[in-house]
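Student: Chains as they are written, first to last, in this note's numbering: chain A, 302 to 605; chain B, 302 to 605. From the three backbone atoms N, C-alpha and C, an ideal C-beta is built for every residue, glycine too. Please read all numbers here as calculations on a predicted model, not as lab measurements. One structure, as structure tokens, below. Some questions next.
2 protein chains.
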Amino acid sequence: MTLQELKYVVAVADERNFRRAADKVFVSQPSLSASVKKLEDELGVQLFERGPQEVLLTEAGRQVVAQARRVLDEAARVKVVAKEKHDPLRGTLRLGVIHTIAPYLLPDLVMALRSSAPGMPLDIEENLTANLDQMLRGGLIDVAIVAEPYSATGIETVPLYDEEFRVVVPAKHPWARRKAVSADELETQNLLLLSIGHCFRDQILEACREFAKPAPPGKEGNSLETLRSMVASGLGISVLPASALTQRYANPLIKVIDFLPPTPLRRVVAAFRTDFPRRAAVEAIAAAAPTLDLPVKAAPRQRP
Amino acid sequence: MTLQELKYVVAVADERNFRRAADKVFVSQPSLSASVKKLEDELGVQLFERGPQEVLLTEAGRQVVAQARRVLDEAARVKVVAKEKHDPLRGTLRLGVIHTIAPYLLPDLVMALRSSAPGMPLDIEENLTANLDQMLRGGLIDVAIVAEPYSATGIETVPLYDEEFRVVVPAKHPWARRKAVSADELETQNLLLLSIGHCFRDQILEACREFAKPAPPGKEGNSLETLRSMVASGLGISVLPASALTQRYANPLIKVIDFLPPTPLRRVVAAFRTDFPRRAAVEAIAAAAPTLDLPVKAAPRQRP
DNA sequence: TGCGGGTGATAGGCAATGACTATCGAGGTG
DNA sequence: CACCTCGATAGTCATTGCCTATCACCCGCA
């Protein structure tokens, strides 16, 4: 039984005439006759009475044709469903973002995508890189926005932007008046870091190799906002990414100091499975990134 | 798009593995891959992400597969419907019967068929032969029980039984004591006949050729029961078929007289379109006829 | 009563479709 | 690094379904 046979049978039932039905479905009359007979044989029931005057539906034919219409109806809806999903910028995109990026990027990004891809709502998952990686491979999310270094087989990345690091110290800290500090100097202070698992912690330790080996530094916080508050309360100094230090987050208890060049930075990328079919959705995110009002540098597409 | 492609896609979605899915639907893995790709191309949407680890459903894939299941479901019901109609003795039989047979045959026939073909309810239409003929050709009824002579192209008949005619006279009629009368004698009496259109009228006139030409005889009735009542009231004599003169219809005001041989009779047949596929249903009727408690003679199958 | 115009079924040739086996290339795993 | 499994590809082959041409039948008309 094929959809075509069902189409043919319905056509014959509609036209009550094999020739007209054949024209209607764009085949020759013998082909149509053969197909109808084939279906009748398969079903073991005669569907039509071929009289010399007219073609009559048998009782079985009536029922089968009615059911065939339902099949064709549902089959037509397959195409409709597929067509609706045709545009990669339509349909929910499941997006994972690490904790140190989400709160600073998402408000603007969602805003930008709402106009550039209005048919693509975001289902957002905020988590650690390692977890996002697993979810990405497992198909639980479609795209992950993480910081480099990040690579995995079967995963591609598109750079979004480069984001410099800044030192934040309490307002009454001895460094509060300095214009810039060197990464090596941080060692001398009580450096507050994120807890283990946050990539941002590792990136800072990487930037300040000197004390990566010695004992772990001061206290740890669970989010950048926690760190910020801890600094504000005078507990120590810390390092935050530039996007966490916009005007919106200005705080009189905190002083922001640049690094002496080379300024450490992180590259933020969008990662997705190589086989992910909605690349245009990733492109939409990459295209939106440089338009955002963030203190970042557009990251050139270096490894396409 | 074919049902097979939909089956394949559903199998892949179920197994999340092309090889296992191929086994499940009894094709080689390359064939299955090709079919899936073909459907994806046709729909213009990628349904699966073929990762090295596992096969993932895209969002479009989820929706298409869900719809495909519905299609296959409905398609399976086509076979169920057909199977239900597989037995020609199942399903309503639309039966037409002429007025002069219906009330005497149907009660017994329905009873007999209820046991020999319990799954075949009768939808009964009572009408004149000419109308039944049209309905039979037009497919409005499946079988017509009529009296011969009846023939038409594209129509076959099966004899059911032969039924003799009897003369009925009022109880106080001069003939009331006679054992038998000749057809020719009827001319001398006030013969009550059915109105024009009833074949039984023509058959009586045929039996008594003598006065077929002269002026029309006495009054006319619209049914055999009307005639019977008219005879009972002394309005004249009439002729009835044997099946209308069983014990059940005995009436003290009426005397039944045999014809002198050759006794006129009518052959009752079941007529159906040559193309009618449920011949077994007709056979069931033919087989039931001789078992009925009617004063008739089984009609041999003379022209098969 | 024979003759066109209609029906659906049949016959024979042909091309497209789908299936197969064998193999590849990519990844993951010991 | 060898080995295994994944899905994709290549090439061949049989089946399928299609077409044109024709048949057999029935109708209505002359």
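At the 8 angstroms Cβ level, is A/H474 part of the contact set with chain B, yes or no?
Tutor: Along the first sequence, one-based indexing puts residue 474 of chain A at 173. No, its Cβ sits nowhere closer than 8 angstroms to a Cβ of chain B.
Student: Use the C-beta contact count for A/Q548: other C-beta atoms within 10 angstroms, 16 or more gives buried, fewer gives exposed.
Tutor: Taking the first sequence and counting its residues from 1, one reaches residue 548 of chain A at position 247. Exposed, by the Cβ-count rule.
Student: Taking just the CA atoms, how far does B/V444 sit from B/L394?
Tutor: Stepping through the second sequence from its first residue, residue 394 of chain B is reached at position 93. Stepping through the second sequence from its first residue, residue 444 of chain B is reached at position 143. Distance between the alpha carbons of B/L394 and B/V444: 8 angstroms.
Student: Nearest chain B C-beta to A/T458 closer than 8 angstroms, yes or no?
Tutor: Numbered from 1 along the first sequence, position 157 holds the residue referred to as residue 458 of chain A. No, no contact with chain B.
Student: Less than 8 angstroms between the C-beta atoms of B/I446 and B/L461, yes or no?
Tutor: For the purposes of this step, residue 446 of chain B is identified with residue 145 of the second sequence, where counting begins at 1. For the purposes of this step, residue 461 of chain B is identified with residue 160 of the second sequence, where counting begins at 1. Cβ atoms of B/I446 and B/L461: closer than 8 angstroms.
Student: Which residues in chain B sit within 8 angstroms of A/Q368, going by Cβ to Cβ distance?
Tutor: Along the first sequence, one-based indexing puts residue 368 of chain A at 67. Neighbours of A/Q368 on chain B, chain order: E375, R378, V379, V382.
Student: Should B/H499 be flagged as near chain A, meaning a C-beta pair shorter than 8 angstroms?
Tutor: By 1-based counting over the second sequence, the position of residue 499 of chain B is 198. No - not a single Cβ of chain A is within 8 angstroms of the one on B/H499.
Student: Using a Cβ cut-off of 7 angstroms, which residues of the stretch 564-578 of chain B contact any Cβ in chain A, in chain order?
Tutor: So the close ones are R574, D576, F577, P578.
Student: Between A/L407 and A/V557, what straight-line distance do the alpha-carbon atoms span, to the nearest angstrom?
Tutor: Translated into positions along the first sequence, residue 407 of chain A becomes position 106. Translated into positions along the first sequence, residue 557 of chain A becomes position 256. Near 23 angstroms, if we compare the C-alpha coordinates of A/V557 and A/L407.
Student: Could you check whether B/S496 and B/E526 sit closer than 8 angstroms to each other, using their CB atoms as the reference points?
Tutor: As a position in the second sequence, residue 526 of chain B is number 225, starting the count at 1. As a position in the second sequence, residue 496 of chain B is number 195, starting the count at 1. No, they are not a contact pair.
Student: Across which residues does DSSP place B/G522 in a beta bridge pair?
Tutor: Locating residue 522 of chain B in the second sequence gives position 221, where the first residue counts as 1. Its beta-bridge partners are B/L495.
Student: How would you label B/F319, buried or exposed, when you count the other beta carbons within 10 angstroms and need 16 or more for buried?
Tutor: For the purposes of this step, residue 319 of chain B is taken as residue 18 along the second sequence, with counting starting at 1. Buried, because 16 or more other Cβ atoms sit within 10 Å of the Cβ of B/F319.
Student: Nearest to A/A543 by CA position, among A/F560, A/L536, A/L493, A/S416, is which residue?
Tutor: As a working mapping, residue 543 of chain A is identified with position 242 in the first sequence. Ranking the options by Cα distance to A/A543, first place goes to A/F560.
Student: Are the stretch 343-353 of chain B and the stretch 572-579 of chain A touching, with three or more C-beta to C-beta distances below 8 angstroms?
Tutor: yes
Student: Would you identify the three-state DSSP class for A/D443, choosing helix, strand or coil?
Tutor: Within the first sequence, the letter at position 142 stands for residue 443 of chain A. Note: A/D443 maps to coil in three-state DSSP.
Student: Inspect the beta-carbon positions of A/A322 and A/L333 and report whether they are closer than 8 angstroms.
Tutor: For this step, residue 322 of chain A is matched to residue 21 along the first sequence. For this step, residue 333 of chain A is matched to residue 32 along the first sequence. In contact: A/A322 and A/L333 (Cβ atoms closer than 8 angstroms).
Student: Could you list the residues in the stretch 302-321 of chain B with a C-beta less than 9 angstroms from some C-beta on chain A, going in chain order?
Tutor: M302, T303, L304, Q305, L307
Student: Spatial neighbours of A/R415 within its chain, please: CB distance less than 6 angstroms, with the 5 preceding and 5 following residues excluded, ordered by chain position.
Tutor: For this step, residue 415 of chain A is matched to residue 114 along the first sequence. If we look at A/R415 and ignore the five residues flanking it on each side, it has no Cβ neighbours.
Student: Compile a chain-ordered list of the residues in the stretch 579-597 of chain A whose CB is closer than 9 angstroms to at least one CB of chain B.
Tutor: Listed in sequence order: R579.
Student: Buried or exposed: which applies to A/V381, given that a residue is buried once 16 or more other Cβ atoms fall within 10 Å of its Cβ?
Tutor: Along the first sequence, read from residue 1 onward, the residue named residue 381 of chain A stands at position 80. Classified as exposed, A/V381 has fewer than 16 neighbouring CB atoms from the shown chains inside 10 Å of its CB.
Student: Please report the straight-line C-alpha distance between A/A516 and A/D463, rounded to a whole angstrom.
Tutor: Looking up residue 516 of chain A in the first sequence gives position 215. Looking up residue 463 of chain A in the first sequence gives position 162. For A/A516, the predicted model reports a pLDDT of 46, less than 50, meaning its position is unreliable; a value from the coordinates is still stated below. Roughly 30 angstroms separates the two Cα atoms.
Student: In the stretch 344-357 of chain A, which residues sit with their C-beta less than 8 angstroms from some C-beta in chain B, listed in chain order?
Tutor: Those would be L344, G345, V346, Q347, E350, R351, G352, P353, Q354, E355, L357, in chain order.
Student: Any idea if A/F327 is buried or exposed, counting beta-carbon neighbours within 10 angstroms, 16 or more meaning buried?
Tutor: Taking the first residue of the first sequence as 1, we reach residue 327 of chain A at position 26. Exposed: under 16 other Cβ atoms inside 10 Å.
Student: Would you check if the stretch 409-423 of chain B and the stretch 582-591 of chain B touch, i.e. whether three or more CB-CB distances between them fall below 8 angstroms?
Tutor: yes
Student: Distance, Cα to Cα, B/Q364 vs B/L348?
Tutor: On the second sequence, residue 364 of chain B is found 63 positions in, with the first residue counted as 1. On the second sequence, residue 348 of chain B is found 47 positions in, with the first residue counted as 1. As the crow flies, the alpha-carbon of B/Q364 is around 9 angstroms from that of B/L348.
Student: Shortest alpha-carbon distance to B/G498 belongs to which of B/A545, B/R378, B/P553, B/L433?
Tutor: Residue 498 of chain B sits at position 197 when you count from the first residue of the second sequence. Ranking B/A545, B/R378, B/P553, B/L433 by Cα distance to B/G498 puts B/L433 first.
Student: Since I believe A/L566 is in contact with A/F466 (beta carbons under 8 angstroms), could you give me their beta-carbon distance rounded to a whole number of angstroms?
Tutor: Along the first sequence, one-based indexing puts residue 466 of chain A at 165. Along the first sequence, one-based indexing puts residue 566 of chain A at 265. So it is a contact: roughly 6 angstroms between Cβ atoms.
Student: Could you tell me the distance, in whole angstroms, from the CA atom of A/R529 to the CA atom of A/S539?
Tutor: As a first step, residue 529 of chain A must be located in the first sequence, where it is residue number 228. As a first step, residue 539 of chain A must be located in the first sequence, where it is residue number 238. Roughly 8 angstroms between the two C-alpha positions.
Student: Exposed or buried, what is B/T489 when buried is set at 16 or more other beta-carbons lying within 10 Å of its beta-carbon?
Tutor: The count along the second sequence starts at 1 and reaches residue 489 of chain B at position 188. Exposed.
Student: Less than 8 angstroms separating the beta-carbons of A/E341 and B/R371?
Tutor: The count along the first sequence starts at 1 and reaches residue 341 of chain A at position 40. The count along the second sequence starts at 1 and reaches residue 371 of chain B at position 70. Contact flag unset, no.
Student: Near B/A369, which residues of its chain fall below 6 angstroms by C-beta distance, leaving aside the five closest residues on each side in sequence?
Tutor: The sequence position of residue 369 of chain B within the second sequence is 68, counting from 1. For B/A369, where only same-chain residues beyond five positions count, the Cβ hits under 6 angstroms are L307, V310, V311.
Student: Among the residues of its own chain, which have a CB less than 7 angstroms from the CB of B/W476, if the five just before and after it don't count?
Tutor: Position 175 of the second sequence, counted from the first residue, corresponds to residue 476 of chain B. Excluding sequence neighbours, B/W476 sits near V470, V482, I558.
Student: May I ask you to list the residues that DSSP assigns as paired with B/E427?
Tutor: For the purposes of this step, residue 427 of chain B is identified with residue 126 of the second sequence, where counting begins at 1. Answer by DSSP bridge pairing, in chain order: B/V398.
Student: Under 7 angstroms between beta-carbons, which chain B residues line up against A/T430? List them in chain order, please.
Tutor: Taking the first residue of the first sequence as 1, we reach residue 430 of chain A at position 129. Residues of chain B with a Cβ closer than 7 angstroms to the Cβ of A/T430 do not exist, since the nearest Cβ in that chain sits about 19 angstroms away.
Student: Can you give me the Cβ contacts of A/A335 inside the same chain, cut-off strictly under 6 angstroms, excluding the 5 residues immediately before and after it?
Tutor: The residue given as residue 335 of chain A occupies position 34 in the first sequence. Same-chain partners within the cutoff: there are none.
Student: Interface residues of chain A around B/K386 at Cβ under 7 angstroms?
Tutor: Here residue 386 of chain B is taken as the residue at index 85 of the second sequence, counted from 1. Result: V346, E360, A361, Q364.
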